[in-house]
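This report refers to the structure that appears directly beneath it.
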Amino acid sequence: MCGITARIGDDDSLEDLLVSLKNLEYRGYDSAGIAVQNGTGIEIDKCEGEVSELQAELATKDHDGPIGIGHTRWSTHGPPTDANAHPHTGCKGRVVAVHNGIIENYTTLREGLQARGHEFTSDTDTEVIPHLVEERLDAGFEAEAAFRDAIAELDGSYAIAMIIDGDPAVYATRNGSPLVVGVGDDANYLASDVPAFLEFTDRVVYLEDDDVAVITADDYRVTDTKGDAVSRPVETVEWDSEDAEKGGYDHYMLKEIHEQPVALRQTIHGRIEGEDVVLEEFPPGTFTDIDRVHFVACGTSYHAGMYGEWLLSKWGIDASTFIASEYAAYPAPVDEGTLVIGVTQSGETADTLEALESARKRGARTLALTNVIGSTAARTCDDALFIRAGPEIGVAATKTFSSQVATLVLLGERLVRDMTAEPTDECRQRLDALESLPEHIETVIEDSRAAAISERWLGDDGHFFIGRGNAYPVALEGALKFKEITYEHAEGFAAGELKHGPLALVTEETPVFAIGTGQYPKRLESNVREIQTRGAPVIAVAPRTATDLADTADEALSVPATHPDLVAILANVQLQLIAYHAADEMERSIDKPRNLAKSVTVE
Ligand code: F6R
Numbered sequence: 297m298c299g300i301t302a303r304i305g306d307d308d309s310l311e312d313l314l315v316s317l318k319n320l321e322y323r324g325y326d327s328a329g330i331a332v333q334n335g336t337g338i339e340i341d342k343c344e345g346e347v348s349e350l351q352a353e354l355a356t357k358d359h360d361g362p363i364g365i366g367h368t369r370w371s372t373h374g375p376p377t378d379a380n381a382h383p384h385t386g387c388k389g390r391v392v393a394v395h396n397g398i399i400e401n402y403t404t405l406r407e408g409l410q411a412r413g414h415e416f417t418s419d420t421d422t423e424v425i426p427h428l429v430e431e432r433l434d435a436g437f438e439a440e441a442a443f444r445d446a447i448a449e450l451d452g453s454y455a456i457a458m459i460i461d462g463d464p465a466v467y468a469t470r471n472g473s474p475l476v477v478g479v480g481d482d483a484n485y486l487a488s489d490v491p492a493f494l495e496f497t498d499r500v501v502y503l504e505d506d507d508v509a510v511i512t513a514d515d516y517r518v519t520d521t522k523g524d525a526v527s528r529p530v531e532t533v534e535w536d537s538e539d540a541e542k543g544g545y546d547h548y549m550l551k552e553i554h555e556q557p558v559a560l561r562q563t564i565h566g567r568i569e570g571e572d573v574v575l576e577e578f579p580p581g582t583f584t585d586i587d588r589v590h591f592v593a594c595g596t597s598y599h600a601g602m603y604g605e606w607l608l609s610k611w612g613i614d615a616s617t618f619i620a621s622e623y624a625a626y627p628a629p630v631d632e633g634t635l636v637i638g639v640t641q642s643g644e645t646a647d648t649l650e651a652l653e654s655a656r657k658r659g660a661r662t663l664a665l666t667n668v669i670g671s672t673a674a675r676t677c678d679d680a681l682f683i684r685a686g687p688e689i690g691v692a693a694t695k696t697f698s699s700q701v702a703t704l705v706l707l708g709e710r711l712v713r714d715m716t717a718e719p720t721d722e723c724r725q726r727l728d729a730l731e732s733l734p735e736h737i738e739t740v741i742e743d744s745r746a747a748a749i750s751e752r753w754l755g756d757d758g759h760f761f762i763g764r765g766n767a768y769p770v771a772l773e774g775a776l777k778f779k780e781i782t783y784e785h786a787e788g789f790a791a792g793e794l795k796h797g798p799l800a801l802v803t804e805e806t807p808v809f810a811i812g813t814g815q816y817p818k819r820l821e822s823n824v825r826e827i828q829t830r831g832a833p834v835i836a837v838a839p840r841t842a843t844d845l846a847d848t849a850d851e852a853l854s855v856p857a858t859h860p861d862l863v864a865i866l867a868n869v870q871l872q873l874i875a876y877h878a879a880d881e882m883e884r885s886i887d888k889p890r891n892l893a894k895s896v897t898v899e
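Residue numbers for the sequence shown follow our numbering, beginning at 297 and rising by one.
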């Protein structure tokens with residue numbers, strides 16, 4: 297997965313292109329490149345490494361022009377090298393393209409082009425695109441016709457932006473990868489995602505699969521594959537560019553941890569009225585035909601799905617969670633009474649999209665629970681419910697997890713009312729607690745001792761996270777966050793499972809974070825003692841009222857007491873801070889951990 301961008305105006309484009317590339321680095325950062333057209337040809341600069349390295353290289357040159365495209369890469373075909381960095385050209389340097397996705401039939405296309413005399417300079421699948429277009433231009437096609445005819449040859453998923461020497465337009469198309477046009481006053485933009493150009497315009501046009509966009513300095517046109525005009529509305533996004541910047545924090549991750557109270561207020565806003573949940577998209581009775589819920593998701597979103605499963609099961613609804621990449625191969629029965637909920641922050645995770653598609657084909661009803669309006673999941677599912685967390689730039693998901701779980705609480709309340717029963721007193725208490733959650737998170741962040749604790753309890757042999765019930769997905773999430781940004785070994789377990797094997801790994805150098813919710817206290821305390829007997833230090837992460845657990849443990853990180861169904865969300869914030877501070881002490885690349893990218897659009 298990669299980030300692509302373009303800018304076309306009457307003035308020079310390089311500065312804006314570099315800003316957009318920086319904003320897109322969360323999609324990939326193993327190489328970067330730009331191409332600008334300036335009336336005397338197209339200049340291409342690209343290199344292995346981050347956008348800052350490209351920027352340094354460009355500082356020594358005089359490359360600029362009014363029409364430009366840019367790319368930040370996360371390798372899929374060919375290692376990260378200067379040669380494999382985008383943009384790519386045909387043999388004559390006349391056609392230049394950037395691409396996000398995978399061209400599945402590139403081997404056949406490449407062999408055909410080579411047989412017809414084309415020479416390739418990279419290992420990428422992308423390079424076939426400019427060669428195919430060049431071939432058509434040589435055969436006398438007009439620019440747009442050459443682009444259309446070339447992309448008709450491609451199988452796979454892609455978002456493409458292309459420029460041609462001497463031609464005053466950017467050509468773009470998408471199939472399964474996101475692409476959005478930014479409509480500015482003095483220039484027009486194109487990117488994989490809105491934050492890329494949010495500094496320059498908030499007016500956007502989301503492209504759909506198979507759209508072909510021709511963008512000029514003062515206009516844009518969208519057509520279908522046959523060339524017929526299609527109408528795509530111009531929408532105004534409510535995020536401002538501040539939301540997508542670091543705002544004084546050292547890292548996006550820390551900023552986004554601190555943004556959780558605001559994000560949650562947005563998530564909940566207008567969705568609770570008295571005893572009722574008001575989901576505009578889902579009036580009462582929407583789910584009366586549903587008798588079973590499946591969650592499909594990856595990584596952090598999978599943990600949010602597990603949390604949702606726990607809530608629904610507790611409320612009497614048949615619910616299960618599946619790792620999205622396994623779902624298509626999993627023989628779980630699905631029918632028209634099954635609601636399959638894709639939990640996906642980006643709405644672009646290929647494994648989740650594939651799972652949703654497999655459910656749809658088998659007759660299930662699909663729902664995207666996502667942060668990104670206009671994302672593929674939101675557009676391809678039967679329904680979408682937005683978590684409204686605002687843009688998340690740090691690769692490690694933080695505020696989106698909290699907003700996902702809060703949205704699942706709201707959706708759960710709708711489901712429980714439609715599928716089983718009238719609201720109970722407990723529903724009312726839970727909704728009250730949900731409304732107080734932003735305030736409680738503020739308290740957790742203000743009072744947290746995570747920085748001191750993470751310094752004191754860094755283990756040589758690993759870090760374990762344990763919990764029961766809704767604290768179990770949070771244990772998994774705590775471990776995922778810790779390992780992904782510290783690169784230290786961390787595992788999450790159901791608290792009762794440790795004694796069935798993993799206890800063998802516990803030493804004095806294996807700190808264990810025990811997450812308490814106030815439910816099942818005695819059992820958790822006995823698990824803690826089993827661990828301490830093996831010499832490992834235990835840090836309790838639990839509500840203030842769980843004094844027995846705190847007293848048993850070697851150290852405690854407390855959270856405000858609230859409804860037990862929600863308290864694990866607060867514990868998770870403490871674990872986010874533990875992971876953040878440990879990684880910071882180790883001087884890790886917190887916002888862009890090695891080998892990872894924000895949006896995984898390959899299977
Ligand atoms: C971990 C993380 C990933 C994502 C996963 C799914 O911090 O961010 O595990 O949760 O790649 O991404 P989405 O939610 O965009 O489908």
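Glycine included, each C-beta is placed from N, C-alpha and C at the ideal position.
Of the residues T806, G797, F789, the one whose Cα lies closest to the Cα of D757 is T806. Using a cutoff of 8 angstroms, the CB of Q641 counts as near the ligand F6R, since one of the ligand's heavy atoms is closer than that.
In this structure the region 760 to 773 does not lie against the region 744 to 752, because fewer than three pairs of beta carbons, one per stretch, are closer than 8 angstroms. Classified as buried, P557 has 16 or more neighbouring CB atoms from the shown chains inside 10 Å of its CB. Per DSSP, the beta bridge partners of P839 are V855. The beta carbon of S609 lies closer than 6 angstroms to those of A615 in the same chain, with the five residues before and after it left out.
Within the region 571 to 642, the alpha helix (DSSP H) runs of at least 4 residues that lie entirely inside it are, in chain order, 595 to 610, 620 to 623. Here A693 carries a coil assignment [DSSP, helix/strand/coil].
By the Cβ criterion, the region 393 to 402 is in contact with the region 452 to 466, since at least three pairs of Cβ atoms, one from each stretch, lie closer than 8 angstroms.
One thing to note: E552 has its Cβ within 9 angstroms of the Cβ of T694. With a cut-off of 8 angstroms on Cβ pairs, the region 307 to 315 is not in contact with the region 498 to 506, counting fewer than three such pairs. For C343, the CB stays at least 8 angstroms from every heavy atom of the ligand F6R.
By a beta-carbon distance limit of 8 angstroms, A852 contacts I835. Their separation comes to about 7 angstroms. With fewer than 16 neighbouring CB atoms inside 10 Å of its own CB, P464 falls in the exposed class. For C387, the secondary structure class from DSSP, reduced to helix, strand or coil, is coil. Taking the C-beta atoms as reference points, A331 is found no nearer than 9 angstroms to V347. For A439, same chain residues with a beta-carbon under 6 angstroms away, outside a window of 5 residues either side, are I460, D463 in chain order. Under DSSP, D341 forms a beta bridge with I330. Judged by their CB atoms, G601 and E632 are not nearer to each other than the 9 angstroms cut-off. Annotation for S597 indicates a beta carbon within 8 angstroms of some heavy atom of the ligand F6R. In this structure, F583 sits away from L652, with a CB-CB distance that is not shorter than 9 angstroms.
Linking T497 to L794 through their CA atoms gives a straight-line distance of about 52 angstroms. Per the coordinates, the alpha-carbon of A786 lies some 9 angstroms from the alpha-carbon of G774.
The closest heavy atom of the ligand F6R lies 8 angstroms or more from the beta carbon of S453. In the DSSP assignment, D445 falls within the alpha helix (DSSP H) that extends over 439 to 447. When distances are taken from the beta-carbon of S488 to the heavy atoms of the ligand F6R, even the shortest one reaches 8 angstroms or more. In this structure, the C-beta of E780 approaches the ligand F6R to less than 8 angstroms from one of its heavy atoms. Burial check for W535: the Cβ neighbour count within 10 Å stays below 16, so the residue is exposed. DSSP places I741 inside the alpha helix (DSSP H), whose first and last residues are 721 to 743. Judged by DSSP secondary structure, Y876 falls within the alpha helix (DSSP H) whose first and last residues are 860 to 881.
Residue range 402 to 411 is occupied by the alpha helix (DSSP H) that includes G408, with no beta strand (DSSP E) assigned at that position. Relative to the ligand F6R, the beta carbon of V630 is positioned no closer than 8 angstroms to any heavy atom. By alpha-carbon distance to G366, the top candidate from E531, K818, S488 is S488. The ligand F6R approaches L776 closely enough that one of its heavy atoms is under 8 angstroms from the residue's Cβ. Taking C-beta atoms as the reference points, V863 and P833 fail to come closer than 9 angstroms. V705 places its beta carbon 9 angstroms or farther from that of V855.
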